[in-house]
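Here the structure is laid out as C-alpha coordinates; the discussion comes afterwards.
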Amino acid sequence: MASLSLTLVEIIVLMLGAITLGITIHFFITSRRSLSTTVTEASTKLAKDLEDWKLRYFNDVEVRDKELIQLREKLADTEENNDINSIEADEMRQLNKKLKAEIESLRKIAPSSTEADELRLMNNQLKAELESLRNASPSLPATEKTGGYIEQLRLAQSSLLEHNEKINKLLGQIDIVKETEEKQQEIQRLNEELTSQIDDLKFMLSQKEKEISNTRQKEHLTSEMTSMLDSAYNEFNALQDKIHKLEGQVNNSKLVSLDYEDLKEAHQKVVRDFDTQKVKYNAAITENQHLQAAFDEIQDKLKEANFQRQQLQKRVVYLEELNNDMQAVSEANKKLESQLKRVGELESMLNVIAEERDELARKQTRAS
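First residue of the sequence shown: 0, per numbering that gives the first Met the number 0; consecutive thereafter.
Now the structure itself:
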(Lines of atoms letter the chains of each structure in order from A; the text may use other names.)
(Lines give C-alpha, C1' and ligand atoms only; values in the text may rest on other atoms or scores of the structure.)
Protein backbone atom coordinates (compact mmCIF):
# COMPACT_ATOMS: atom_id res chain seq x y z
CA MET A 0 0.00 0.00 0.00
CA ALA A 1 2.85 2.33 0.83
CA SER A 2 4.48 1.59 -2.47
CA LEU A 3 1.21 2.46 -4.25
CA SER A 4 0.88 5.89 -2.52
CA LEU A 5 4.49 6.72 -3.27
CA THR A 6 3.97 5.93 -6.92
CA LEU A 7 0.89 8.19 -7.11
CA VAL A 8 2.82 11.10 -5.59
CA GLU A 9 5.55 10.60 -8.06
CA ILE A 10 3.03 10.50 -10.90
CA ILE A 11 1.40 13.72 -9.63
CA VAL A 12 4.80 15.43 -9.45
CA LEU A 13 5.54 14.24 -12.98
CA MET A 14 2.21 15.61 -14.24
CA LEU A 15 2.84 18.96 -12.54
CA GLY A 16 6.28 19.12 -14.14
CA ALA A 17 4.79 18.32 -17.55
CA ILE A 18 2.12 21.04 -17.10
CA THR A 19 4.76 23.56 -16.04
CA LEU A 20 6.87 22.67 -19.05
CA GLY A 21 3.87 23.05 -21.37
CA ILE A 22 2.97 26.47 -19.90
CA THR A 23 6.58 27.63 -20.27
CA ILE A 24 6.76 26.49 -23.88
CA HIS A 25 3.40 28.14 -24.66
CA PHE A 26 4.55 31.42 -23.10
CA PHE A 27 7.79 31.30 -25.07
CA ILE A 28 5.90 30.64 -28.32
CA THR A 29 3.49 33.56 -27.83
CA SER A 30 6.24 35.97 -26.77
CA ARG A 31 8.45 34.86 -29.67
CA ARG A 32 5.70 35.44 -32.22
CA SER A 33 4.83 38.91 -30.89
CA LEU A 34 8.49 39.88 -30.68
CA SER A 35 9.24 38.64 -34.20
CA THR A 36 6.26 40.56 -35.62
CA THR A 37 7.27 43.78 -33.83
CA VAL A 38 10.89 43.39 -34.93
CA THR A 39 9.94 42.78 -38.57
CA GLU A 40 7.46 45.66 -38.60
CA ALA A 41 9.96 48.03 -37.00
CA SER A 42 12.75 46.98 -39.37
CA THR A 43 10.54 47.34 -42.48
CA LYS A 44 9.23 50.72 -41.33
CA LEU A 45 12.73 51.95 -40.51
CA ALA A 46 14.07 50.74 -43.87
CA LYS A 47 11.23 52.49 -45.69
CA ASP A 48 11.82 55.75 -43.78
CA LEU A 49 15.53 55.58 -44.49
CA GLU A 50 14.91 55.05 -48.20
CA ASP A 51 12.57 58.08 -48.23
CA TRP A 52 15.14 60.23 -46.42
CA LYS A 53 17.83 59.01 -48.79
CA LEU A 54 15.79 60.00 -51.86
CA ARG A 55 14.99 63.39 -50.35
CA TYR A 56 18.66 63.90 -49.49
CA PHE A 57 19.86 63.17 -53.02
CA ASN A 58 17.14 65.40 -54.51
CA ASP A 59 18.06 68.26 -52.16
CA VAL A 60 21.76 67.86 -52.95
CA GLU A 61 21.04 67.97 -56.69
CA VAL A 62 18.87 71.10 -56.33
CA ARG A 63 21.52 72.79 -54.16
CA ASP A 64 24.24 71.98 -56.70
CA LYS A 65 22.16 73.54 -59.49
CA GLU A 66 21.50 76.64 -57.39
CA LEU A 67 25.22 76.94 -56.57
CA ILE A 68 26.12 76.74 -60.27
CA GLN A 69 23.54 79.42 -61.15
CA LEU A 70 24.71 81.68 -58.32
CA ARG A 71 28.33 81.33 -59.38
CA GLU A 72 27.42 82.20 -62.97
CA LYS A 73 25.46 85.25 -61.78
CA LEU A 74 28.38 86.27 -59.56
CA ALA A 75 30.80 86.05 -62.51
CA ASP A 76 28.43 88.12 -64.70
CA THR A 77 28.00 90.78 -62.03
CA GLU A 78 31.77 91.00 -61.43
CA GLU A 79 32.36 91.34 -65.18
CA ASN A 80 29.69 94.07 -65.46
CA ASN A 81 31.18 95.79 -62.42
CA ASP A 82 34.63 95.85 -64.04
CA ILE A 83 33.18 97.22 -67.29
CA ASN A 84 31.24 99.92 -65.46
CA SER A 85 34.30 100.95 -63.44
CA ILE A 86 36.40 101.21 -66.63
CA GLU A 87 33.70 103.32 -68.32
CA ALA A 88 33.47 105.56 -65.25
CA ASP A 89 37.25 106.11 -65.27
CA GLU A 90 37.17 106.98 -68.97
CA MET A 91 34.31 109.43 -68.38
CA ARG A 92 36.23 111.08 -65.53
CA GLN A 93 39.35 111.49 -67.69
CA LEU A 94 37.29 112.94 -70.57
CA ASN A 95 35.58 115.32 -68.15
CA LYS A 96 38.95 116.51 -66.83
CA LYS A 97 40.23 117.11 -70.38
CA LEU A 98 37.12 119.10 -71.30
CA LYS A 99 37.40 121.21 -68.16
CA ALA A 100 41.07 121.96 -68.94
CA GLU A 101 40.17 123.03 -72.50
CA ILE A 102 37.39 125.29 -71.20
CA GLU A 103 39.75 126.94 -68.71
CA SER A 104 42.38 127.52 -71.40
CA LEU A 105 39.78 129.06 -73.74
CA ARG A 106 38.51 131.29 -70.96
CA LYS A 107 42.04 132.56 -70.32
CA ILE A 108 42.71 133.25 -74.02
CA ALA A 109 39.37 134.76 -75.15
CA PRO A 110 38.19 138.29 -74.12
CA SER A 111 34.90 138.95 -72.44
CA SER A 112 31.60 139.58 -74.26
CA THR A 113 31.50 143.30 -73.25
CA GLU A 114 34.90 143.89 -74.84
CA ALA A 115 33.65 142.20 -77.99
CA ASP A 116 30.62 144.50 -78.13
CA GLU A 117 32.84 147.59 -77.66
CA LEU A 118 35.13 146.44 -80.46
CA ARG A 119 32.18 145.91 -82.78
CA LEU A 120 30.90 149.45 -81.95
CA MET A 121 34.32 151.00 -82.61
CA ASN A 122 34.57 149.08 -85.87
CA ASN A 123 31.21 150.38 -87.01
CA GLN A 124 32.19 153.98 -86.09
CA LEU A 125 35.46 153.68 -88.00
CA LYS A 126 33.65 152.30 -91.02
CA ALA A 127 31.25 155.26 -90.91
CA GLU A 128 34.14 157.75 -90.68
CA LEU A 129 35.87 156.08 -93.62
CA GLU A 130 32.76 156.26 -95.73
CA SER A 131 32.30 159.93 -94.85
CA LEU A 132 35.91 160.66 -95.73
CA ARG A 133 35.61 158.83 -99.03
CA ASN A 134 32.49 160.79 -99.87
CA ALA A 135 34.10 164.12 -98.90
CA SER A 136 37.41 163.59 -100.69
CA PRO A 137 36.20 164.42 -104.34
CA SER A 138 34.62 167.76 -103.34
CA LEU A 139 37.80 169.26 -101.82
CA PRO A 140 39.55 172.27 -103.72
CA ALA A 141 42.84 171.56 -105.48
CA THR A 142 45.06 173.85 -103.46
CA GLU A 143 48.28 173.39 -101.56
CA LYS A 144 46.44 173.39 -98.24
CA THR A 145 43.96 170.87 -99.41
CA GLY A 146 46.81 168.64 -100.68
CA GLY A 147 48.27 168.47 -97.22
CA TYR A 148 44.88 167.81 -95.79
CA ILE A 149 44.33 165.00 -98.29
CA GLU A 150 47.68 163.55 -97.31
CA GLN A 151 46.62 163.64 -93.70
CA LEU A 152 43.36 162.02 -94.67
CA ARG A 153 45.23 159.30 -96.51
CA LEU A 154 47.42 158.68 -93.53
CA ALA A 155 44.34 158.62 -91.30
CA GLN A 156 42.65 156.29 -93.76
CA SER A 157 45.62 153.94 -93.77
CA SER A 158 45.75 153.98 -89.98
CA LEU A 159 42.03 153.40 -89.87
CA LEU A 160 42.39 150.51 -92.29
CA GLU A 161 45.08 148.99 -90.10
CA HIS A 162 42.89 149.53 -87.07
CA ASN A 163 39.98 148.00 -89.00
CA GLU A 164 42.08 144.95 -89.81
CA LYS A 165 42.99 144.59 -86.15
CA ILE A 166 39.32 144.92 -85.22
CA ASN A 167 38.39 142.29 -87.83
CA LYS A 168 41.00 139.99 -86.33
CA LEU A 169 39.57 140.64 -82.89
CA LEU A 170 36.07 140.00 -84.23
CA GLY A 171 37.31 136.72 -85.69
CA GLN A 172 38.72 135.87 -82.30
CA ILE A 173 35.37 136.88 -80.78
CA ASP A 174 33.60 134.47 -83.14
CA ILE A 175 36.05 131.81 -82.07
CA VAL A 176 35.27 132.69 -78.45
CA LYS A 177 31.55 132.38 -79.18
CA GLU A 178 32.16 129.00 -80.72
CA THR A 179 34.21 128.04 -77.69
CA GLU A 180 31.41 129.29 -75.42
CA GLU A 181 28.93 127.22 -77.37
CA LYS A 182 31.33 124.29 -77.08
CA GLN A 183 31.64 125.04 -73.38
CA GLN A 184 27.86 124.96 -72.99
CA GLU A 185 27.75 121.73 -74.97
CA ILE A 186 30.56 120.37 -72.81
CA GLN A 187 28.69 121.41 -69.65
CA ARG A 188 25.60 119.68 -70.94
CA LEU A 189 27.67 116.59 -71.75
CA ASN A 190 29.28 116.89 -68.33
CA GLU A 191 25.88 116.94 -66.66
CA GLU A 192 24.82 113.92 -68.69
CA LEU A 193 28.06 112.18 -67.77
CA THR A 194 27.59 112.99 -64.08
CA SER A 195 24.05 111.62 -64.25
CA GLN A 196 25.38 108.50 -65.99
CA ILE A 197 28.11 108.20 -63.36
CA ASP A 198 25.47 108.46 -60.62
CA ASP A 199 23.43 105.78 -62.35
CA LEU A 200 26.53 103.62 -62.66
CA LYS A 201 27.32 104.16 -58.98
CA PHE A 202 23.76 103.14 -58.08
CA MET A 203 24.01 100.08 -60.32
CA LEU A 204 27.40 99.30 -58.77
CA SER A 205 25.93 99.48 -55.27
CA GLN A 206 23.07 97.22 -56.38
CA LYS A 207 25.54 94.75 -57.86
CA GLU A 208 27.59 94.82 -54.66
CA LYS A 209 24.42 94.06 -52.70
CA GLU A 210 23.66 91.18 -55.05
CA ILE A 211 27.23 89.90 -54.66
CA SER A 212 26.92 90.04 -50.87
CA ASN A 213 23.58 88.20 -51.09
CA THR A 214 25.07 85.55 -53.35
CA ARG A 215 28.02 85.12 -50.98
CA GLN A 216 25.63 84.79 -48.06
CA LYS A 217 23.64 82.22 -50.01
CA GLU A 218 26.83 80.34 -50.83
CA HIS A 219 27.74 80.32 -47.13
CA LEU A 220 24.28 79.01 -46.23
CA THR A 221 24.44 76.35 -48.94
CA SER A 222 27.88 75.24 -47.72
CA GLU A 223 26.50 75.02 -44.18
CA MET A 224 23.51 73.05 -45.46
CA THR A 225 25.74 70.67 -47.42
CA SER A 226 27.85 70.06 -44.32
CA MET A 227 24.69 69.32 -42.31
CA LEU A 228 23.43 67.03 -45.06
CA ASP A 229 26.80 65.25 -45.09
CA SER A 230 26.58 64.69 -41.35
CA ALA A 231 23.00 63.45 -41.77
CA TYR A 232 24.14 61.13 -44.53
CA ASN A 233 26.91 59.77 -42.28
CA GLU A 234 24.36 59.12 -39.54
CA PHE A 235 22.15 57.46 -42.14
CA ASN A 236 25.03 55.15 -43.07
CA ALA A 237 25.59 54.35 -39.40
CA LEU A 238 21.90 53.53 -39.00
CA GLN A 239 22.04 51.38 -42.10
CA ASP A 240 24.96 49.44 -40.62
CA LYS A 241 22.95 48.92 -37.44
CA ILE A 242 20.03 47.69 -39.55
CA HIS A 243 22.30 45.17 -41.26
CA LYS A 244 23.44 43.98 -37.84
CA LEU A 245 19.82 43.66 -36.73
CA GLU A 246 19.01 41.70 -39.87
CA GLY A 247 21.84 39.32 -39.00
CA GLN A 248 20.44 38.97 -35.51
CA VAL A 249 16.99 38.29 -36.97
CA ASN A 250 18.50 35.54 -39.09
CA ASN A 251 20.01 34.11 -35.93
CA SER A 252 16.57 34.26 -34.32
CA LYS A 253 15.27 32.15 -37.22
CA LEU A 254 17.75 29.50 -36.16
CA VAL A 255 16.36 29.82 -32.64
CA SER A 256 12.88 29.16 -34.04
CA LEU A 257 14.19 25.97 -35.63
CA ASP A 258 15.52 24.93 -32.23
CA TYR A 259 12.08 25.65 -30.84
CA GLU A 260 10.53 23.29 -33.38
CA ASP A 261 12.92 20.61 -32.21
CA LEU A 262 11.92 21.31 -28.62
CA LYS A 263 8.28 21.08 -29.57
CA GLU A 264 8.82 17.69 -31.13
CA ALA A 265 10.73 16.62 -28.04
CA HIS A 266 7.84 17.81 -25.87
CA GLN A 267 5.36 15.84 -27.95
CA LYS A 268 7.59 12.86 -27.61
CA VAL A 269 7.67 13.36 -23.83
CA VAL A 270 3.87 13.53 -23.79
CA ARG A 271 3.64 10.33 -25.78
CA ASP A 272 6.08 8.68 -23.43
CA PHE A 273 4.03 9.87 -20.50
CA ASP A 274 0.89 8.36 -22.03
CA THR A 275 2.63 5.08 -22.61
CA GLN A 276 3.88 5.12 -19.03
CA LYS A 277 0.37 5.83 -17.80
CA VAL A 278 -1.00 2.92 -19.83
CA LYS A 279 1.74 0.72 -18.50
CA TYR A 280 0.93 1.88 -14.96
CA ASN A 281 -2.74 1.04 -15.36
CA ALA A 282 -1.85 -2.27 -16.98
CA ALA A 283 0.76 -3.40 -14.50
CA ILE A 284 0.44 -1.92 -11.01
CA THR A 285 2.31 -4.85 -9.58
CA GLU A 286 5.41 -4.05 -11.61
CA ASN A 287 6.47 -1.24 -9.28
CA GLN A 288 10.13 -1.65 -9.89
CA HIS A 289 9.70 -1.36 -13.63
CA LEU A 290 7.63 1.80 -13.16
CA GLN A 291 10.24 3.16 -10.72
CA ALA A 292 12.89 2.70 -13.39
CA ALA A 293 10.62 4.37 -15.93
CA PHE A 294 10.03 7.21 -13.45
CA ASP A 295 13.79 7.68 -13.06
CA GLU A 296 14.12 7.87 -16.81
CA ILE A 297 11.35 10.46 -17.03
CA GLN A 298 12.96 12.44 -14.18
CA ASP A 299 16.19 12.59 -16.16
CA LYS A 300 14.22 13.90 -19.11
CA LEU A 301 12.66 16.51 -16.82
CA LYS A 302 16.10 17.68 -15.76
CA GLU A 303 17.04 17.96 -19.39
CA ALA A 304 13.87 19.96 -20.03
CA ASN A 305 14.75 22.29 -17.13
CA PHE A 306 18.17 22.79 -18.63
CA GLN A 307 16.59 23.62 -21.97
CA ARG A 308 14.24 26.03 -20.19
CA GLN A 309 17.24 27.85 -18.72
CA GLN A 310 18.70 28.08 -22.21
CA LEU A 311 15.43 29.56 -23.44
CA GLN A 312 15.49 32.13 -20.63
CA LYS A 313 18.97 33.18 -21.74
CA ARG A 314 17.65 33.61 -25.26
CA VAL A 315 14.80 35.75 -23.91
CA VAL A 316 17.39 38.00 -22.21
CA TYR A 317 19.26 38.24 -25.52
CA LEU A 318 16.05 39.27 -27.30
CA GLU A 319 15.45 41.95 -24.65
CA GLU A 320 18.90 43.36 -25.36
CA LEU A 321 18.00 43.31 -29.03
CA ASN A 322 14.86 45.33 -28.22
CA ASN A 323 16.99 47.89 -26.35
CA ASP A 324 19.17 48.24 -29.45
CA MET A 325 16.02 48.89 -31.49
CA GLN A 326 15.03 51.65 -29.06
CA ALA A 327 18.49 53.22 -29.46
CA VAL A 328 17.97 53.15 -33.23
CA SER A 329 14.61 54.93 -32.83
CA GLU A 330 16.28 57.62 -30.68
CA ALA A 331 18.90 58.13 -33.38
CA ASN A 332 16.06 58.45 -35.90
CA LYS A 333 14.47 61.19 -33.76
CA LYS A 334 17.81 63.03 -33.67
CA LEU A 335 17.99 62.79 -37.46
CA GLU A 336 14.48 64.24 -37.72
CA SER A 337 15.51 67.23 -35.57
CA GLN A 338 18.48 67.87 -37.83
CA LEU A 339 16.23 67.69 -40.88
CA LYS A 340 13.95 70.27 -39.23
CA ARG A 341 17.02 72.50 -38.98
CA VAL A 342 17.59 71.93 -42.70
CA GLY A 343 13.98 73.05 -43.31
CA GLU A 344 14.64 76.25 -41.34
CA LEU A 345 17.71 76.94 -43.48
CA GLU A 346 15.60 76.42 -46.61
CA SER A 347 13.10 79.01 -45.33
CA MET A 348 16.02 81.43 -44.76
CA LEU A 349 17.15 80.86 -48.35
CA ASN A 350 13.61 81.59 -49.57
CA VAL A 351 13.61 84.89 -47.62
CA ILE A 352 16.95 85.87 -49.17
CA ALA A 353 15.61 84.97 -52.64
CA GLU A 354 12.58 87.22 -52.05
CA GLU A 355 14.88 90.08 -51.02
CA ARG A 356 16.93 89.57 -54.17
CA ASP A 357 13.75 89.64 -56.32
CA GLU A 358 12.65 92.84 -54.58
CA LEU A 359 16.05 94.45 -55.28
CA ALA A 360 15.78 93.36 -58.92
CA ARG A 361 12.32 94.94 -59.17
CA LYS A 362 13.62 98.18 -57.63
CA GLN A 363 16.48 98.20 -60.10
CA THR A 364 14.12 97.72 -63.04
CA ARG A 365 11.91 100.54 -61.75
CA ALA A 366 14.91 102.83 -61.33
CA SER A 367 16.10 102.06 -64.86
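For each residue, glycine too, the CB sits at the ideal point set by N, CA and C.
No experiment lies behind these values; they were computed from the predicted model shown.
query, result
"Answer with buried or exposed for alanine 304, where buried requires no fewer than 16 other C-beta atoms within 10 angstroms of its C-beta.", "buried"
"Pair every Cβ in the region 38-58 with every Cβ in the region 230-247, then say whether three or more of these pairs are closer than 8 Å.", "yes"
"Output yes or no for whether 9 Å exceeds the beta carbon distance between leucine 262 and isoleucine 24.", "yes"
"Does DSSP classify threonine 214 as helix, strand or coil?", "helix"
"So, with DSSP's three-state summary, where would you put glutamate 286?", "coil"
"Thinking threonine 221 and arginine 63 are a contact (beta carbons under 8 Å), I'd like their distance in whole angstroms, please.", "5 Å"
"Identify, in the order they occur along the chain, each residue of the same chain with its Cβ nearer than 6 Å to the Cβ of leucine 20, setting aside the five sequence neighbours on each side.", "Ala304"
"How long is the line joining the alpha carbons of threonine 29 and glutamine 312, rounded to whole angstroms?", "14 Å"
"Which residues in the same chain as glutamine 307 place their Cβ atom closer than 7 Å to its Cβ, once the five residues preceding and following it in sequence are excluded?", "Leu262"
"Look at alanine 293 and lysine 302 and say whether their C-beta atoms are less than 9 Å apart.", "no"
"What number of angstroms, rounded off, separates the C-alpha of threonine 364 from the C-alpha of glutamine 206?", "11 Å"
"Assess, as a yes-or-no matter, whether the region 169-176 is touched by the region 65-74 under the definition of 3 or more beta carbon pairs within less than 8 Å.", "no"
"Does the region 191-205 come close enough to the region 79-86 to have 3 or more Cβ pairs within less than 8 Å?", "yes"
"In whole angstroms, give me the CA-to-CA distance for threonine 179 and aspartate 89.", "25 Å"
"Between Val351, Phe27, Val8, Leu359, which lies nearest to lysine 209 when the distance is taken from Cα to Cα?", "Leu359"
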